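Asks: So in our numbering, the last one in the sequence shown is 415, and the numbering has no gaps at all.
Pasting in a structure now, in structure tokens, and then I'll have a few things to ask.
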Amino acid sequence: MKFKQNLTGAAEALFEYSETMPIIDTHEHIPVKEEYYINAPIQFGQMFNPYISNDLKSAGMPFPRDTWAALVVVDDDWDAFEPYWNQAKFTSYARAFRITLQKYFGEDDLTRENHKEIVQKINDSLKPGVYDRILRQDCNIEWSIPCAGALPDIDDPLLKGNISSPAMFCMSADQMKQLAAEAGTEIPKSLEDFEESARAWMTVQKEKGAICFKSRAMRVENPDRDKAAQIFKRIMGGESLSELEAGHLESWIREVSARTAAELDVPMALHTGVWNNYKNSDINDIVGFIDRNPDTRFDVYHMGIPKIRESLQIAKNFENAWLNMCWSHIVASDMTVNAMKEGFDMIPLNKIFAFGADYSLFIQKIYGHLFIARENISIVLGDRVDRNLLDLDTAKAIMKQWFYDNPKDFYKL
Ligand SMILES: [Zn+2]
């Protein structure tokens, strides 16, 4: 593999070992049914969603204002694309992409000559069995945990559903009506009714196979029942509120969801950091939430990038918070390595999950992301072996624990 880093010392042996190890992909957005995936061929621009598009935008590529970078689609116009690709192609996002190009299409880079053919080959791969071929056979993934908005409706034993918590259903009256319909409750007329629907809905989701409920770090840190009740009334009255205003309701229902998750013995995942105005998903804002809900088990995503040290401290201090490197390896590869070199000094081994690819389309990219994750953990643990702080066999066992045993235990797979 041309794009493999030169690893030194024990890291090389660990990387070799990592190819033989089973993997749990703890966080995905791939469709929960393969048939949805294979029936949605992609266009040129979708190869870069949801992440490289962000770097292209950052590099100055013109996109409509206020479009979320994850969703913008680059036109198939090579002359317009190339100058920005040349600036963005060395980020970690793009490195995972280029590892993928090499593995699946024998290409080192995207070029004027090959880009149409690559899109064609990706679409040619959309055939029954593609999940098995790429996820199971190429990546050695035993379980993958995609996010889904509502009813899991999953029939593939490879997939387990991480379902949006009711806290993600607070922005409109329609969303709340949908929640009530799926929960089998009346349309909520008061905050109390909404709480009731939320609890019933989560119970239904668990019965249908949900193994996790997703929420996020948010700016409204302290839940306030009166403010939540006011916002509920305004939303049910048809007002459309800003994310921050609606946040008072979200924050309250998130609290209810966390308690319900604990009662159902299902963990909760929390997005932290990275996107756009990352102050709106600041990892520091989850500290109080985790502290108030000691019976809920939290899978803390993305290391709060850029606040990686805070993520380490959270996993260290709270017995109900786990550190998950999902997405981190390709947001910032060396930042993740450096954080985990420090994290190894701080966090018990059972509190760490090494991988979640966090992709939706073009699932060959999962291989590229996993490749970087395997390199990174090899570097972190290899460094310990080389410094005589760890023996190689123990390092291998830790690697398997982080990639496989820990998420298997946490999610009861
Ligand atoms: Zn995600």
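Beta carbons: idealized from backbone N, C-alpha and C, even for Gly.
Computed from a predicted structure; not experimentally measured.
Note down, in chain order, each residue of its chain lying with its Cβ closer than 7 Å to the Cβ of residue 212, except the 5 sequence neighbours on either side.
Replies: Only 154, 163, 165, 268 meet the Cβ criterion.
Asks: Let me confirm a value: residue 353 is counted as buried when at least 16 other C-beta atoms fall within 10 Å, else exposed. Which label applies?
Replies: Residue 353 should be labelled buried.
Asks: Which of the three DSSP states, helix, strand or coil, is assigned to residue 148?
Replies: Residue 148 falls in the strand class under three-state DSSP.
Asks: Around the Cβ of residue 186, are there at least 16 other Cβ atoms within 10 angstroms (buried) or fewer (exposed)?
Replies: Counting Cβ neighbours within 10 Å, residue 186 comes out exposed, since fewer than 16 surround it.
Asks: Give me the DSSP bridge partner(s) of residue 324.
Replies: Beta-bridge pairing links residue 324 to 301.
Asks: Could you tell me which residues DSSP pairs with residue 215 in its beta bridges?
Replies: Paired residue(s): 165, 270.
Asks: Hey, would you say the C-beta of residue 331 is under 8 Å away from at least one heavy atom of ligand 1?
Replies: No, since every heavy atom of ligand 1 falls outside the 8 Å radius drawn around the Cβ of residue 331.
Asks: Could you spell out the range, first to last residue, of the alpha helix (DSSP H) harbouring residue 14?
Replies: Segment 12 to 20, the alpha helix (DSSP H) holding residue 14.
Asks: Quick one, which of 57, 405, 264, 409 has its alpha-carbon nearest residue 383's?
Replies: Here the closest residue by C-alpha is 405.
Asks: Along the alpha helix (DSSP H) that carries residue 371, what are the first and last residues, could you check?
Replies: It spans 367 to 388 - the alpha helix (DSSP H) in which residue 371 sits, taken as one unbroken run.
Asks: Can you check which of these residues, 220, 410, 49, is closest to residue 290 by C-alpha distance?
Replies: Among 220, 410, 49, the Cα nearest to that of residue 290 belongs to 220.
Asks: Can we say the stretch 345 to 359 touches the stretch 395 to 415, given the rule of at least three CB pairs closer than 8 Å?
Replies: With a cut-off of 8 Å, the stretch 395 to 415 and the stretch 345 to 359 count as touching, because enough Cβ pairs lie within range.
Asks: Can you give me the C-alpha to C-alpha distance between residue 422 and residue 308, rounded to a whole angstrom?
Replies: Nothing can be reported for residue 422: it is not among the residues displayed for the chain, which extend from 3 to 415.
Asks: Quick one, which of 24, 265, 391, 5 has its alpha-carbon nearest residue 142's?
Replies: The shortest Cα separation from residue 142 among 24, 265, 391, 5 belongs to 24.
Asks: Pairing CB atoms from the stretch 45 to 61 with CB atoms from the stretch 114 to 126, are three or more of them under 8 Å?
Replies: With the cut-off at 8 Å, the stretch 45 to 61 and the stretch 114 to 126 touch.
Asks: Between the beta-carbon of residue 147 and the beta-carbon of residue 214, is there less than 9 Å?
Replies: Cβ distance < 9 Å, so residue 147 and residue 214 count as in contact.
Asks: Is it true that the CB of residue 12 sits closer than 9 Å to the CB of residue 351?
Replies: Their beta carbons are not under 9 Å apart, which means residue 351 does not touch residue 12 by this criterion.
Asks: Examine ligand 1 and report whether any of its heavy atoms sits within less than 8 Å of the Cβ of residue 303.
Replies: The answer is yes for residue 303.
Asks: Consider the C-beta atom of residue 27 and the heavy atoms of ligand 1; say whether any pair is separated by less than 8 Å.
Replies: Every heavy atom of ligand 1 is 8 Å or more from the Cβ of residue 27, so no.
Asks: In chain order, what residues of the same chain lie with their CB nearer than 7 Å to the CB of residue 362, ignoring the 5 residues before and after it?
Replies: Closer than 7 Å at the Cβ level, and outside the excluded window around residue 362, lie 31, 32, 52.
Asks: Any chance you could list the beta strand (DSSP E) runs of at least 3 consecutive residues sitting entirely within the stretch 79 to 152, in chain order?
Replies: Complete beta strand (DSSP E) runs here, min 3: 143 to 150.
Asks: Would you mind listing the alpha helix (DSSP H) stretches within the stretch 170 to 200 that are 4+ residues and don't spill past its ends, in chain order?
Replies: Taking only runs of at least 4 residues, the alpha helix (DSSP H) segments lying wholly in the stretch 170 to 200 are 175 to 185.
Asks: Cutting at 7 Å between CB atoms, please list the residues of its own chain near residue 34, excluding the five before and the five after it.
Replies: Once the five neighbours on either side are set aside, the close Cβ partners of residue 34 are 148, 150, 154, 155, 156, 161, 163.
Asks: Using the beta-carbon count (16 or more within 10 Å), is residue 56 buried or exposed?
Replies: Flag for residue 56 reads buried.
Asks: Throw me the rounded Cβ distance for the residue 259 and residue 217 pair, which I believe falls under 8 Å.
Replies: Residue 259 to residue 217, Cβ: 7 Å. Contact.
Asks: Just reading off the alpha helix (DSSP H) that residue 37 is part of, what are its end residues?
Replies: Unbroken alpha helix (DSSP H) run through residue 37: 36 to 40.
Asks: In terms of residues, what are the limits of the alpha helix (DSSP H) holding residue 316?
Replies: Per DSSP, residue 316 belongs to the alpha helix (DSSP H) from 310 to 319.
Asks: Contact between the stretch 120 to 133 and the stretch 97 to 108: three or more CB pairs below 8 Å?
Replies: Yes, the stretch 120 to 133 is in contact with the stretch 97 to 108.
Asks: Evaluate residue 284 with the Cβ neighbour count: other Cβ atoms within 10 Å of its Cβ, from every protein chain shown; 16 or more gives buried, anything less gives exposed.
Replies: Buried is the call here.
Asks: Report the rounded CA-to-CA distance for residue 16 versus residue 398, giving the unit in angstroms.
Replies: One C-alpha to the other measures close to 6 Å.
Asks: Could you round the C-beta distance between residue 230 and residue 251 to whole angstroms and report it? I think they count as a contact, below 8 Å.
Replies: 5 Å between Cβ atoms; contact.
Asks: Which whole-angstrom value describes the C-beta separation of residue 300 and residue 324, a residue pair presumed to lie in contact below a C-beta threshold of 8 Å?
Replies: With 8 Å as the limit, residue 300 and residue 324 qualify as a contact, their Cβ atoms being about 7 Å apart.
Asks: When you compare only the Cα positions, how much space is there between residue 233 and residue 247?
Replies: Approximately 7 Å, taken between the alpha carbons.
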